[in-house]
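As given, the protein sequences belong to chains A and H, one line each in that order.
So the first sequence is numbered by this note's numbering: it starts at 1 and just counts up by one.
So the second sequence is numbered by this note's numbering: it starts at 1001 and just counts up by one.
There are 2 protein chains.
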Amino acid sequence: MTQPRAVKRQARGRQRIADILDAALALFAENGYERTSTNAIAARAGMSPGSLYQFFPNKEAIAEALSTHLVEQMRAAHSSAFDPSRVTDLTLHELIDRMVDPLVTFNVSHPGAKALLANTDMPAGTHGAARPLHEAVVDRVAAVIQARIPTLSAAERDLAAMVSVRIVAAMMPPIVAVEGAERRALTAELKKALYGYIAPLDSAGS
Amino acid sequence: MTQPRAVKRQARGRQRIADILDAALALFAENGYERTSTNAIAARAGMSPGSLYQFFPNKEAIAEALSTHLVEQMRAAHSSAFDPSRVTDLTLHELIDRMVDPLVTFNVSHPGAKALLANTDMPAGTHGAARPLHEAVVDRVAAVIQARIPTLSAAERDLAAMVSVRIVAAMMPPIVAVEGAERRALTAELKKALYGYIAPLDSAGS
DNA sequence: CTCAAATACGAGCGGTCGCCCGTGTTCGTC
DNA sequence: GACGAACACGGGCGACCGCTCGTATTTGAG
C-alpha cells in the first residue's frame, strides 16, 4: 500500500538517500520533527528540495524510512543479546548484564533514535513503525523470562516483560546524556532496579 | 520578567482565559503543541483569534500558562503525600502506597498533562516551567528517602530519588490508558518495581 | 448616565512550509 | 556514441501559520 513502487536506484541515488536520512536524523534530534523543514533537510544533505523529493514522496516518508532504518539496526545489534539458550546457566546479574549493556551501547551510538522513536511529536505512521520494535523487544524479553522462570503464568510473564522494558527505556535518556563514570553509575542503578523487580519472581537464585 | 504586566481582568475575561487553557490542553493532548494552531484553540474555546490574543501575547505564553497551571494543581494534590513526618512508622509498602496512589489519581484525572510536561515537542520556556515540578518532586522524594534511610549518602539518596521518579513516570502512560482492574494490576506492578528497587536500601524492614 | 477600559470580532498581513515542475545533466546499457 | 532513465536543480505555488489591527460592543466605576 505505502509501498513506494520500486524505482531502480543507482549507486549515486542510494548514497543520496543515506545522506537524506543522516541529515534528517540529525535535524530531528536537534529540533524535533515538526520544527525541521524539508528544505532544511535537503540543505543539510547538500542538495536542492527538488532532489530530495526525487527519493521521498513526502516528509512523513522520510520519518518512516528513518524509523525503519533504526529499527533494523537495533534488531541486528540485539539479536545476540536475547538468545534464550543457556539462560538458566547464568546468574540473574549476568542475565541482566547481557541484555542491558548492548541496549545502552546502541542508544549511546545513536543519539536521536530515542528522540525519534519515543517522541509524540510525530505523524501516526511513524509510531506505527516503532511499535513493532517495542513489541518485538517485549516479546523477546518475555521469552527470556519464560525460559528463566517457567512457573510464571503467561499474563504475569508478559506484564513483567513490559514493565522491565519500560524501566530500561525510562533510564535511557539520562544514561545517554552523560559519560564515563556517571554513565556507568546510572547503568548500574538501572540494573539494580531491574534486579530488584525481577529477583522476587526468580526461582533460580542470585 | 515574563510577568505579563498585570491587566485588570473582569470576571468575563478570567473565564475566557480558563476556556482558552481548557481548549489548549485538549488540543495539545490530541495533536501535540506544534500541530495545534492558535486559530484552532480560539475556535475550540468559542472565540475569534483576535480575542485569544487579548489574553496571551503569543502561542508560547499559552503553553507556559498551561504548564504553570498544571504544576500548581499537581503540587496541591501531592503536598499531603510527601509529608515526611511519621515516615519511619510506616512499612515500606504503606509508604509507597501513600506516594504512588495520589500520583496515579492526578494523572488519571488530568490526561494530557503528561503529554504537555513530558513532551520534547515544546518550546524551551515550557520545559522550563515543567522542570521545576520534576525537580521539586525528586527533591521531596529524596527528603522522604532521607527520613526513611538516613544511612544513605547524599549522592546515593538523590540517585535513588531520581530513579524512583523515572520508574513511576514510565509506568504512568499505560496506567492512565486502561481502567478498573487492569489499572489496579498495573499500579500494583509499579509498586512492586519500586519496592524491589528501594527495599534493598531500606533499613527499617518490610 | 457617562465614559474609559476591557472585551470581542474577523479579515487579512507577512512569512514559512511542504511540495511541484520545467528544465538541464549524468549515468548505465547496447 | 546514442539514448532513455535516473538524478539534479531551484524558483515558486498554494496553503496555512502566528499574529495584527481597525472597529464594534459590553462592562463596571463615578
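Every residue gets a Cβ at the ideal spot worked out from N, C-alpha and C, and that includes glycine.
Delimiting residues of the alpha helix (DSSP H) encompassing Gly180(A) = Gly180 to Ile198
Between the CA atoms of Pro49(A) and Gln15(A) - distance to the nearest angstrom = 16 angstroms
With 8 angstroms as the threshold, decide whether the Cβ of Thr1151(H) is near any Cβ in chain A.
-> no
Counting pairs of beta carbons, one from the segment 1041-1055 of chain H and one from the segment 1080-1100 of chain H, are three or more of them closer than 8 angstroms?
-> no
By DSSP, does Gly1032(H) sit in helix, in strand, or in coil?
-> coil
Among the residues of its own chain, which have a CB less than 6 angstroms from the CB of Phe1056(H), if the five just before and after it don't count?
-> Ile1062
Would you say Asn58(A) reaches chain H, if we count a Cβ-Cβ gap shorter than 8 angstroms as a contact?
-> no
Interface partners of Met1171(H) on chain A, CB under 8 angstroms | Val163 and Arg166
Should Pro200(A) be flagged as near chain H, meaning a C-beta pair shorter than 8 angstroms?
-> yes
Please report how far the alpha carbon of Glu1072(H) lies from the alpha carbon of Leu1095(H), in whole angstroms.
-> 23 angstroms
Taking buried to mean at least 16 other C-beta atoms within 10 Å of its own C-beta, is Arg1005(H) buried or exposed?
-> For Arg1005(H), the pLDDT reaches just 41, beneath the cut-off of 50, and the residue's location in the model is therefore unreliable, although a value from the coordinates is still provided. So Arg1005(H) ends up on the exposed side.
From Thr151(A), Val163(A) and Asp121(A), residue whose alpha carbon lies closest to that of Asp139(A) | Val163(A)
So, does the CB of Arg12(A) fall closer than 8 angstroms to a CB anywhere in chain H?
-> no
Nearest chain A C-beta to Ala1129(H) closer than 8 angstroms, yes or no?
-> no
List, in order along the chain, the chain A residues whose C-beta lies closer than 8 angstroms to that of Tyr1197(H)?
-> Lys192, Ala193, Gly196 and Tyr197
8 angstroms contact criterion, which Asp1202(H) and Leu1092(H) should meet: CB distance rounded | 6 angstroms
The segment 1110-1130 of chain H: positions lying closer than 7 angstroms to chain A by Cβ = Ala1115, Asn1119, Thr1120 and Asp1121
Is the CB of Arg1183(H) under 8 angstroms away from at least one CB in chain A?
-> no
Between Ala1161(H) and Ile1145(H), is the Cβ-Cβ spacing less than 8 angstroms?
-> yes
C-beta atoms of Met171(A) and Leu186(A) nearer than 8 angstroms = yes
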